[in-house]
Structures are given as C-alpha cells and as structure tokens.
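In our numbering, the protein residues as written are 60 to 187.
Here is the structure we will look at, set down as structure tokens.
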C-alpha cells in the first residue's frame, strides 16, 4: 500500500505550490486506488458494457436466457455480429453459455453483475 507521505515526497515542489487544499485528500485518494482490487476485470466489464448493442443484449438477458438466433432476431442484427458481442460479454465474465440441442443459449452471470454494481456504488458513494 502506498503511503501518502511517501507520495508527497515524490511530488515536485513546483507541483505543490498553491494546492495545499488537495494534500489532505491524498490519503483518501490512495485508499480508493487500493480498495478496488481487480481493476482489470472492472475495466473489461465496463468496456463490455460500453457498446449499445452489448448493453441491449444484457437487457434482453436480464429478462430471460436466450439463444443467439433469438437475440439476433429481436435486435434485428446479423447473427455473426451478435455472436461477436456475446464473446466479448463472455470474456468479461458477464454472461455464460450452455449448449441445448443445436443452440448456444446465453444467460447473465448475476454474481458478476452484482459485484460490478457494488463496486460502482462504492465509487459513487465516495464522490458524495
């Protein structure tokens, strides 16, 4: 864990001129950096949700598990595009797939979404 005094020592004096009001907040800022443990997963999840199509897929899957062909039909998008987006969501750990007969059926990973929302909620609460 980084120590605020250690960080202050590394900051050039010219950077500290006229910004005394920020110095007491350094410790809280460092705590924020340490609190979120797996930033890579959080970043990947947020990136996966940054696409309107992937967000639409998540919203559909929130209502029900669905095969790719049904998602494609509902969203009026090519099945290969939907499959690509589902691969991104799967890589981010937000969905999982099962094979039912000849179909790949996707469902949301509720625990992953809950963890994502709890992390974002803690950041929002910190902002005040």
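Glycine residues also receive a C-beta, built at the ideal position from the N, C-alpha and C atoms.
The structure displayed is predicted, hence computed values, not measured ones.
Below 8 Å between beta carbons: does that hold for residue 167 and residue 154?
For the purposes of this step, residue 167 is taken as residue 108 along the chain shown, with counting starting at 1. For the purposes of this step, residue 154 is taken as residue 95 along the chain shown, with counting starting at 1. Yes, they are a contact pair.
Going by DSSP in three states, residue 155 sits in which element: helix, strand or coil?
Indexing the chain shown from 1 puts residue 155 at position 96. In the three-state scheme derived from DSSP, where H, G and I count as helix and E and B as strand, residue 155 is classed as strand.
Tell whether a beta-carbon distance below 8 Å holds between residue 145 and residue 116.
The residue given as residue 145 occupies position 86 in the chain shown. The residue given as residue 116 occupies position 57 in the chain shown. Residue 145 places its beta carbon less than 8 Å from that of residue 116.
Are there 16 or more other CB atoms within 10 angstroms of the CB of residue 139, so buried, or fewer, so exposed?
Counting from 1 along the chain shown, the entry for residue 139 is found at position 80. Using a 10 angstroms sphere on the CB of residue 139, the tally of other CB atoms stays under 16, which defines it as exposed.
Curious, which full-length beta strand (DSSP E) runs of at least 3 residues does the region 107–177 contain?
You should have 154–159, 162–167.
Who are the near neighbours of residue 151 in its chain, counting only those whose CB is closer than 6 Å to its CB and skipping five residues on each side?
For this step, residue 151 is matched to residue 92 along the chain shown. Excluding positions up to five away in sequence, the list reads 103, 104, 107.
Comparing C-alpha positions only, which one of 84, 71, 177 sits nearest to residue 62?
Position 3 of the chain shown, counting from 1, holds the residue named residue 62. Residue nearest to residue 62 within the set 84, 71, 177 is 84 (criterion: CA-CA distance).
May I have the straight-line CA-CA distance separating residue 113 from residue 77, to the nearest angstrom?
Counting from 1 along the chain shown, the entry for residue 113 is found at position 54. Counting from 1 along the chain shown, the entry for residue 77 is found at position 18. Inter-residue distance for residue 113 and residue 77 is about 45 Å (C-alpha atoms, whole angstroms).
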